[in-house]
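For the sequence shown, the working numbering gives the first residue as 2, with consecutive numbering after it. Glycine included, C-beta positions come from ideal geometry on N, C-alpha and C. Accompanying notes for the structure given below.
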Amino acid sequence: MFFRISVILLLAFFPAGNAQSNSAGNEWELVWSDEFDGNSLNTAKWNFEEDCYGGGNNERQCYTKSKKNVSVSDGFLKITALKRKTKGFAFPKSWREGAEGSLRGKKRFEKVKRPFSSGRITTKNKGDWLYGRFEARMKLPLGQGAWPAFWMLPTSNSYGTWPLSGEIDIMEAINLGQSCDVCEGGREDRIHGTLHFGNPWPKNNQATAEVHLASNVPGFHHYAMEWYPDYMKWFVDGQLYSTIKKDQWFTKGASAENERAPFDQPFHIILNLAVGGKWPEENNDVGYFSMDYPKSVEVDFVRVYKCPVAQDGGSCSFSSN
């Protein structure tokens with residue numbers, strides 16, 4: 002979700018295939034999940050993020066913990082973007098407070114207004130993982146400027162600030178349903194899976210791939226990423242569409258002696274719905290359509306699995322039973 006600028010675009014795209022690995026007998030083990038069965042967000046598993054930072058992308062929303070923006074009912078999480086002028090901190094909490102705090106003086110208390118409110122939740126320090134399978138069943142909003150994401154950031158910036166310590170985008174989409182010259186039917190239907198890494202911003206690097214949703218763009222779809230020590234795989238609805246190997250990523254961060262760096266440290270999950278920003282506003286029908294709100298992301302579940310043999314070079318699959 003951070004800056005989409007890059008120096009090198011490394012595209013690792015492979016034909017569609019079965020989501021299950023071919024290593025018989027090595028099964029994924031469920032280690033964490035949220036099925037959203039309650040009446041409110043489970044704060045033992047999730048944190049609310051509250052700021053108007055805009056992700057470094059000039060996004061148009063403030064994130065809040067209001068139930069109007071983040072709610073749970075009938076077995077679903079709903080993150081809703083509203084056209085509602087909102088005021089909040091100009092910078093993320095991690096910049097304003099604690100050991101990671103980089104702001105000094107009045108900057109820590111600076112506030113700004115945005116024309117939209119929305120939600121962003123994370124598992125930071127409540128669910129942090131090194132390697133595994135991460136999946137969610139989600140229904141994404143249509144419309145120019147809508148930018149839903151299911152992604153991960155490092156829990157500790159061991160190699161330095163973004164993107165030196167990495168970013169994993171499991172699923173991003175922008176402007177679904179809008180005009181698209183390269184999409185079947187002429188309407189935006191692409192899902193993006195990306196790694197961010199490499200040189201310090203603004204000369205940062207990324208490896209990315211995209212896939213077209215086969216049908217029912219506004220319906221529920223299953224998004225997954227498998228993270229092994231030497232490679233990562235991306236899936237939509239059980240179909241493999243991208244593999245990125247460790248020789249395609251790197252970091253110029255300090256103390257990066259491991260060839261797998263920066264993706265050799267624990268990461269946490271993030272779910273959010275952004276409005277506008279550089280990437281969506283410069284594509285498709287351009288800008289953002291403010292009259293089309295509210296818009297929501299619906300999430301049926303989020304699940305995390307571990308592969309017991311991953312550290313030994315093995316891979317995992319699901320039982321056929």
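Three or more pairs of CB atoms, one per stretch, sit closer than 8 Å, so the stretch 131-140 contacts the stretch 261-277. Taking a contact as a CB-CB distance under 8 Å, the pair residue 61 and residue 289 counts as one, their CB atoms being some 6 Å apart. Exposed is the label assigned to residue 110, since fewer than 16 other Cβ atoms lie within 10 Å of its Cβ. Between the alpha carbons of residue 77 and residue 172 lies a gap of roughly 18 Å. Inclusion of residue 132 and residue 257 in the CB contact set at 7 Å is not warranted, their separation being larger than that value.
Taking a C-beta distance under 7 Å as the contact criterion, residue 234 and residue 30 do not qualify as a contact pair.
Counting only residues of its own chain and dropping the five nearest sequence neighbours on each side, residue 66 has a CB closer than 7 Å to the CB of 49 and 51.
Remark: C-beta atoms of residue 64 and residue 121 approach each other more closely than 7 Å.
The Cβ atoms of residue 193 and residue 211 lie closer than 7 Å to each other.
Under the Cβ criterion (8 Å, minimum of three pairs), the stretch 236-253 counts as touching the stretch 208-223. Of the other Cβ atoms in all chains shown, 16 or more fall within 10 Å of the Cβ of residue 218; this residue is therefore buried.
Residues of the same chain with a CB within less than 6 Å of the CB of residue 157, apart from the 5 flanking positions on each side, do not exist. When 184, 94, 56 and 311 are compared, the shortest CA-CA separation from residue 115 is found for 56.
By the CB criterion at 7 Å, residue 279 and residue 147 fall outside the cutoff. Within the model, the alpha-carbon separation for residue 316 versus residue 87 is close to 46 Å. By the CB criterion at 7 Å, residue 305 and residue 135 fall inside the cutoff.
Relative to the Cα of residue 28, the nearest Cα in the group 277, 227, 250 and 299 belongs to 227. Looking at the DSSP output, residue 155 bridges to 268. Per DSSP, reduced to three states, the secondary structure at residue 293 is helical. Here residue 77 is bridged, per DSSP, to 74.
Here residue 249 carries a helix assignment [DSSP, helix/strand/coil]. Inclusion of residue 143 and residue 196 in the CB contact set at 7 Å is not warranted, their separation being larger than that value. In terms of CA proximity to residue 301, 72 leads the group 68, 72 and 128.
Under the criterion of beta carbons closer than 8 Å, residue 303 and residue 35 qualify as touching, at roughly 5 Å. Taking every protein chain shown into account, the CB of residue 150 has 16 or more other CB atoms within 10 angstroms, so this residue is buried. Proximity to residue 186 across 202, 261 and 216 peaks at 216, based on C-alpha coordinates.
Sixteen is the threshold: since fewer than 16 other Cβ atoms of the shown chains lie within 10 Å of the Cβ of residue 255, the residue is exposed. In this structure, residue 90 lies away from residue 276, with their beta-carbon atoms at least 7 Å apart.
Residue 174 and residue 188 do not touch by the CB rule: their CB atoms are close to 12 Å apart, not below 8 Å. For residue 237 against residue 80, the beta-carbon gap comes to about 20 Å, at or over 8 Å, which does not count as contact. The Cβ atoms of residue 198 and residue 250 lie closer than 7 Å to each other. Looking at the backbone, the Cα of residue 75 and that of residue 213 are separated by about 29 Å.
According to DSSP, residue pairing for residue 130 in a beta bridge involves 268.
Judged by DSSP in its simplified three-state form, residue 96 adopts helix.
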